[in-house]
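Numbering (the numbering used here), first residue to last: 22 to 394. Even for Gly, the Cβ is constructed at its ideal location relative to N, Cα and C.
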């Protein structure tokens, strides 16, 4: 049990509760800035924390560019006076009108978004041009995950050229998200990046030769962050990790090159039942901790005897352990989530702990799909 997580007032904490530790968050931010070499090389993703308070901590550390996936996250960042917001998601349908409203409502924030298809790019242009506003566009390149993006090559260059001709759009660079490139071995991750980076840099050179600006290369997530951070010889690289601010039990032991980044959020749960001699049931269901990791990796219970997770339902987490007799209903247990990003989105607010006590609450502001826009 890390003593940094122990709460002297846990008896007053409802369970299950999500608890943030600001001092650890500040340390994680400082470590990532150190690894990047300069905060200007960072464009972190807000999806992990979704809070104004952590956005302000990043701003205080000199990080002025942020990435998000929803209009609500973009608005949350704008209300925190973040000057540069990339909505790293293809916007379609009514979200195009919401984007216009966002641009009008927050003139002090520069917004950009992704493009990866000619039809969607034309629709984006038509809506913003009709409204008399402009938006930055970042070409989303598919570098191997095959989730969104356009393949690196002639088609990508043609789309970027199309965007340059359309009204209301300002060319803002390329995105390279390699979520599939998550090998534990640093050398393997770096080899994965090198495999697709050369064609991307060739595409960038071809675009520039046609007079098309490519001012930024928004690269990677948390696993590949150390690789991009070390590429100081390539101008325009912006690293976009997100998980690092809170970190979790999934990334923690998997990537040795993320040393110095510490889990900064825990879940407070309680024993609610001892149904058999070797089972302990906790009030940490899948409405309180993300259910996307494999069952055995869903949570890491701290200061707990060797155990096996055998069940996870909406309001229950069931573990088997030879040490079950140590526990009785009402006992407090601390847990690290296996995947912090969707776990945070399950909570309306997070408790805030400093000095071993709960000192406040931070609203998870952009867990909702709509704020005001």
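With a cut-off of 8 angstroms, do at least 3 Cβ pairs link the stretch 112-129 to the stretch 146-161?
-> yes
In whole angstroms, what is the alpha-carbon distance linking residue 137 and residue 188?
-> In the chain shown, residue 137 corresponds to position 116, counting from 1. In the chain shown, residue 188 corresponds to position 167, counting from 1. Approximately 17 angstroms between the Cα atoms of the pair.
Inside the stretch 115-140 only - beta strand (DSSP E) runs reaching at least 3 residues | Fully enclosed beta strand (DSSP E) runs of 3 or longer: 131-136.
What residues match up with residue 196 in a beta bridge as DSSP calls it?
-> Against the chain shown, residue 196 aligns to sequence position 175. Note: residue 196 sits in a beta bridge opposite 161, 239.
Pair every Cβ in the stretch 332-341 with every Cβ in the stretch 59-68, then say whether three or more of these pairs are closer than 8 angstroms.
-> Cβ pair count under 8 angstroms is below three, so no.
Best match in 350, 373, 71 for proximity to residue 93 [C-alpha to C-alpha] | The count along the chain shown starts at 1 and reaches residue 93 at position 72. The residue with the shortest Cα to Cα distance from residue 93 is 71.
Taking 8 angstroms as the cut-off, decide whether the C-beta atoms of residue 320 and residue 310 are in contact.
-> Along the chain shown, read from residue 1 onward, the residue named residue 320 stands at position 299. Along the chain shown, read from residue 1 onward, the residue named residue 310 stands at position 289. Yes, these two residues count as a Cβ contact at 8 angstroms.
Own chain residues within Cβ distance below 8 angstroms of residue 241, not counting five before or after | Numbered from 1 along the chain shown, position 220 holds the residue referred to as residue 241. Contacts found: 197, 198, 199, 202, 214, 248, 249, 260, 261, 262.
From what residue to what residue does the beta strand (DSSP E) around residue 384 run?
-> Your numbering for residue 384 matches position 363 in the chain shown. Run containing residue 384: 378-384, per the beta strand (DSSP E) assignment.
Residue range of the alpha helix (DSSP H) that residue 229 falls in?
-> In the chain shown, counting from the first residue as 1, residue 229 sits at position 208. Its alpha helix (DSSP H) spans residues 207-230.
Sequence-distant residues of its chain with Cβ nearer than 6 angstroms to residue 74 (five each side left out) | Position 53 of the chain shown holds residue 74. 383, listed in sequence order.
Where do the N-terminal and C-terminal ends of the beta strand (DSSP E) with residue 110 fall, by residue?
-> For the purposes of this step, residue 110 is taken as residue 89 along the chain shown, with counting starting at 1. Here residue 110 belongs to no beta strand (DSSP E), and DSSP marks it neither H nor E.
What are the residues that DSSP puts in a beta bridge with residue 294?
-> For the purposes of this step, residue 294 is taken as the residue at position 273 of the chain shown. 302.
Of the residues 272, 111, 175, 372, which one's Cα is nearest the Cα of residue 314?
-> Taking the chain shown and counting its residues from 1, the one referred to as residue 314 is at position 293. Answer by Cα proximity: 272.
Kindly give me the distance between the Cβ atoms of residue 269 and residue 360, rounded to whole angstroms, as I take these residues to be in contact under 8 angstroms.
-> Residue numbering aside, residue 269 sits at position 248 when the chain shown is read from its first letter. Residue numbering aside, residue 360 sits at position 339 when the chain shown is read from its first letter. Distance from residue 269 to residue 360 at the Cβ level is roughly 6 angstroms; contact confirmed, criterion being Cβ atoms closer than 8 angstroms.
What are the residues that DSSP puts in a beta bridge with residue 322?
-> As a first step, residue 322 is located in the chain shown; it is residue number 301 there, counting from the start. Answer by DSSP bridge pairing, in chain order: 356.
With burial defined as no fewer than 16 other Cβ atoms inside 10 Å of the residue's Cβ, what is the status of residue 211: buried or exposed?
-> Reading the chain shown from its first residue, position 190 is the one you call residue 211. So residue 211 ends up on the buried side.
Figure out for me which residue from 267, 292, 365, 290 has the closest Cα to the Cα of residue 281.
-> Indexing the chain shown from 1 puts residue 281 at position 260. Out of 267, 292, 365, 290, 267 has the C-alpha closest to the C-alpha of residue 281.
Could you tell me the distance, in whole angstroms, from the CA atom of residue 172 to the CA atom of residue 164?
-> In the chain shown, counting from the first residue as 1, residue 172 sits at position 151. In the chain shown, counting from the first residue as 1, residue 164 sits at position 143. One C-alpha to the other measures close to 7 angstroms.
Out of 366, 379, 376, 377, which has the shortest C-alpha to C-alpha gap to residue 390?
-> Counting from one through the chain shown, the residue named residue 390 turns up at place 369. Closest option to residue 390, Cα to Cα, is 366.
Cβ atoms of residue 177 and residue 160: under 8 angstroms apart, would you say?
-> Position 139 of the chain shown, counted from the first residue, corresponds to residue 160. Position 156 of the chain shown, counted from the first residue, corresponds to residue 177. Their beta carbons are under 8 angstroms apart, which means residue 160 touches residue 177 by this criterion.
Per-residue burial, residue 77 [other beta carbons within 10 Å of its own, 16 or more giving buried] = The residue you call residue 77 lines up with position 56 of the chain shown. Per the 10 Å Cβ criterion, exposed.
Could you name the residues of the same chain whose beta carbon sits closer than 7 angstroms to that of residue 316, not counting the 5 residues immediately before and after it, in chain order?
-> Position 295 of the chain shown, counted from the first residue, corresponds to residue 316. 330, 333.
Extent of the continuous beta strand (DSSP E) to which residue 340 belongs = Here residue 340 corresponds to residue number 319 of the chain shown, with the count starting at 1. Taken as a continuous stretch (DSSP letters only), the beta strand (DSSP E) holding residue 340 covers 338-342.
Does the Cβ of residue 35 have 16 or more other Cβ atoms within 10 Å, making it buried, or fewer, making it exposed?
-> For the purposes of this step, residue 35 is taken as residue 14 along the chain shown, with counting starting at 1. Result: exposed.
Taking 8 angstroms as the cut-off, decide whether the C-beta atoms of residue 292 and residue 352 are in contact.
-> In the chain shown, counting from the first residue as 1, residue 292 sits at position 271. In the chain shown, counting from the first residue as 1, residue 352 sits at position 331. Yes, these two residues count as a Cβ contact at 8 angstroms.
Going by other Cβ atoms of all chains shown within 10 Å of its Cβ, with 16 needed for buried, is residue 113 buried or exposed?
-> Taking the first residue of the chain shown as position 1, residue 113 is located at position 92. Under this definition residue 113 is an exposed residue.
Rounded separation between residue 62 and residue 49 - CA only = Translated into positions along the chain shown, residue 62 becomes position 41. Translated into positions along the chain shown, residue 49 becomes position 28. Spanning the two alpha carbons is a distance of roughly 16 angstroms.
Sequence-distant residues of the same chain with beta carbon closer than 7 angstroms to residue 305, five excluded per side = Working through the chain shown from its first residue, we reach residue 305 at position 284. Cβ within range, chain order: 37, 288, 290, 320, 338, 356.
Which residue comes first and which comes last in the alpha helix (DSSP H) that contains residue 179?
-> Looking up residue 179 in the chain shown gives position 158. Following the DSSP letters along the chain, one finds residue 179 inside the alpha helix (DSSP H) bounded by residues 175-186.
Mark residue 193 as exposed unless 16 or more other C-beta atoms lie within 10 angstroms of its C-beta, in which case mark it buried.
-> Position 172 of the chain shown, counting from 1, holds the residue named residue 193. Label assigned to residue 193: buried.
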